[in-house]
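Undergrad:
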Amino acid sequence: MAANPIELQPYSQLSDEDCRQRIINAKRTLGERLVILGHHYQRDEIFEHADFSGDSLKLSRKAANSKAEFIVFCGVHFMAEVADILSRPDQISILPDLSAGCSMADMADLPRVEQAWKELSSVIDPDQTLTPVTYINSDANLKAFCGDHQGVVCTSTNAQKILEWSFSQREKVLFFPDQHLGRNTGAKMGLELDEMVVWDYDQPMGGLTEQQIHQAKIILWKGFCSVHQMFKPAQIENFRKQVPAGKVISHPESSYEVCQLSDYVGSTEFIINTIRDAEPGTDWLVGTELNLVNRLHQQMKDQQKTVKFMSPTVCMCSTMFRIDPQHLAWVLENLVENNVVNQISVPTKVAKSARVALQRMLAISI
Ligand code: 13P
Ligand code: SF4
701 MAANPIELQP
711 YSQLSDEDCR
721 QRIINAKRTL
731 GERLVILGHH
741 YQRDEIFEHA
751 DFSGDSLKLS
761 RKAANSKAEF
771 IVFCGVHFMA
781 EVADILSRPD
791 QISILPDLSA
801 GCSMADMADL
811 PRVEQAWKEL
821 SSVIDPDQTL
831 TPVTYINSDA
841 NLKAFCGDHQ
851 GVVCTSTNAQ
861 KILEWSFSQR
871 EKVLFFPDQH
881 LGRNTGAKMG
891 LELDEMVVWD
901 YDQPMGGLTE
911 QQIHQAKIIL
921 WKGFCSVHQM
931 FKPAQIENFR
941 KQVPAGKVIS
951 HPESSYEVCQ
961 LSDYVGSTEF
971 IINTIRDAEP
981 GTDWLVGTEL
991 NLVNRLHQQM
1001 KDQQKTVKFM
1011 SPTVCMCSTM
1021 FRIDPQHLAW
1031 VLENLVENNV
1041 VNQISVPTKV
1051 AKSARVALQR
1061 MLAISI
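So the sequence shown is numbered by our numbering: it starts at 701 and just counts up by one.
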């Protein structure tokens, strides 16, 4: 590595267009040494540079199969961690802005999950009865916890398959951090709402009685996505009044009530494919992040499809939005100069256990 990495500060003075040219040039110079992965929530000025785009599952597979020396992840922190865990030791995973986290992922941490496990062990035997399942939107050490406790990772695409597998192993599931994905998936599998209880990590014993714990099939962590919680049943009801033949499609991080009222529920990739494959002239109300919906709206115009955002207020994922052309140009130009900046490197021991849970997921969700 060269002694002095190029500093970030001067890039803040550059226009998006200047950065665009620099990104294109750096990509050309780096060639096959580089792969850029872009999540669907990325802004257009970033998305256009992605070699592969996708939802969390698709991008984790791309990271696992990539041969590139540098994997630049235009997404959020947990995604770059997954890329690091699943790639070869000599590959380097980079997040262009280290402050691009996920507020939902931050709602669960190892001390609180370990505390929950310990408290639950006074009522049930967790090792015999409980499969820990972490949504991929979580810290690497929670994936490691699942790897170490016969548990698994899931994404919004494979959550049902993963829960089916989990119930084939043990009778109950501890699901974190997103209560909504857990509840919506459990309901789809036929579980009653009172079989899915919420573990409030701020209260002793999660705020649950012993009876509730004994009766629960899924113990849901009290986490949520601040973007998807903005979608409300009233917004769907209004749309249905205005466009009776219209279709509603939502991401499963939305509330149970919103998902129940939706015609389709699925991952970002599922949402895009469903609308793309629909009949020309159809109308859609979409409950997921704004950048994805705006892009679909533009792309579908040719087919006379209308694509409308569910909420009347702007709900962008502010952390996804932190990845901007200035940061991308900065990391790429550093790579051209043989400087690695913003590497995401999961400690070996954590990565080893997390890999167990991730590879289990990939094997189950084939
Ligand atoms: P997907 O895996 O569906 O892309 O979801 C990731 C995410 O963070 C949604 O908020
Ligand atoms: Fe996290 Fe929500 Fe942003 Fe997805 S949309 S990355 S869950 S904060």
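Glycine is no exception: its CB is placed at the ideal position from the N, C-alpha and C atoms.
Is S803 near the ligand SF4, with its Cβ less than 8 Å from a heavy atom?
TA: Residue numbering aside, residue 803 sits at position 103 when the sequence shown is read from its first letter. Because some heavy atom of the ligand SF4 lies under 8 Å away, the Cβ of S803 counts as near it: yes.
Undergrad: Is it buried or exposed for R976, if we count other Cβ within 10 angstroms and need 16 for buried?
TA: Locating residue 976 in the sequence shown gives position 276, counting from the first residue. Classification of R976: exposed, given that the 10 Å Cβ count is below 16.
Undergrad: Please state whether the Cβ-Cβ distance between A726 and L1035 is less than 9 Å.
TA: Indexing the sequence shown from 1 puts residue 726 at position 26. Indexing the sequence shown from 1 puts residue 1035 at position 335. Yes; because the gap between Cβ atoms is below 9 Å, this pair is in contact.
Undergrad: Considering only residues of the region 938-994, which uninterrupted alpha helix (DSSP H) runs meet the minimum length of 4 residues and lie entirely inside it, listed in chain order?
TA: You should have 956-961 and 968-977.
Undergrad: Which same chain residues, not among the five before or five after L795, have their C-beta less than 7 Å away from its C-beta?
TA: Against the sequence shown, residue 795 aligns to sequence position 95. Excluding residues within five positions, the ones whose Cβ falls inside 7 Å are F773, H777, A780, N1042 and I1044.
Undergrad: Apart from the five residues just before and just after L708, which ones in its own chain have a Cβ nearer than 6 Å to its Cβ?
TA: By 1-based counting over the sequence shown, the position of residue 708 is 8. These residues qualify, in order along the chain: W1030.
Undergrad: For I706 and E1037, which I take to be in contact (beta-carbon distance under 8 Å), what is that distance rounded to the nearest angstrom?
TA: Position 6 of the sequence shown holds residue 706. Position 337 of the sequence shown holds residue 1037. Sure, about 6 Å apart at Cβ, within 8 Å.
Undergrad: Is the region 829-842 touching the region 861-871 in the sense that three or more CB pairs, one from each, lie closer than 8 Å?
TA: The region 861-871, when compared against the region 829-842, does touch it at the 8 Å Cβ threshold.
Undergrad: What number of angstroms, rounded off, separates the C-alpha of Q713 from the C-alpha of R722?
TA: Start at 1 with the first residue of the sequence shown, and residue 713 comes out as number 13. Start at 1 with the first residue of the sequence shown, and residue 722 comes out as number 22. Distance between the alpha carbons of Q713 and R722 is about 14 Å.
Undergrad: Please check the pair K762 and G754, which I expect to be a contact at CB under 8 Å, by giving their CB distance rounded to whole angstroms.
TA: In the sequence shown, residue 762 corresponds to position 62, counting from 1. In the sequence shown, residue 754 corresponds to position 54, counting from 1. 7 Å between Cβ atoms; contact.
Undergrad: Verify the contact flag: N938, CB atom, against every heavy atom of the ligand SF4, threshold strictly below 8 Å.
TA: Reading the sequence shown from its first residue, position 238 is the one you call residue 938. Flag unset: Cβ of N938 not near the ligand SF4.
Undergrad: Going by CA-CA distance only, name the one from Q1026, P980 and H928 that's closest to M1010.
TA: On the sequence shown, position 310 is the one that residue 1010 refers to. It is H928 whose Cα lies nearest to the Cα of M1010.
Undergrad: Closer than 6 Å by C-beta to Y964: which residues in its own chain qualify, once you throw out the five before and the five after it? Chain order, please.
TA: Counted from its first residue, the sequence shown places residue 964 at position 264. Correct list, in chain order: I949 and T974.
Undergrad: What's the call for G890, buried or exposed, on a 16-neighbour Cβ count within 10 Å?
TA: On the sequence shown, position 190 is the one that residue 890 refers to. Exposed.
Undergrad: Just to confirm, does T1019 get its C-beta within under 8 Å of one of the non-hydrogen atoms of the ligand SF4?
TA: As a first step, residue 1019 must be located in the sequence shown, where it is residue number 319. Result yes, Cβ under 8 Å from the ligand SF4.
Undergrad: Report the residue ranges of all beta strand (DSSP E) runs contained in full by the region 982-1056; include only those spanning at least 3 residues, in chain order.
TA: The qualifying runs are 983-987 and 1006-1009.
Undergrad: Would N991 and F1021 qualify as a contact pair, given that the criterion is a beta-carbon distance under 9 Å?
TA: What you label residue 991 is simply residue 291 of the sequence shown in a count that begins at 1. What you label residue 1021 is simply residue 321 of the sequence shown in a count that begins at 1. Yes, the Cβ-Cβ distance between N991 and F1021 is below 9 Å.
Undergrad: So, helix, strand or coil for I918, using DSSP?
TA: Here residue 918 refers to the residue found at position 218 when the sequence shown is read from its first residue. It is a strand residue.
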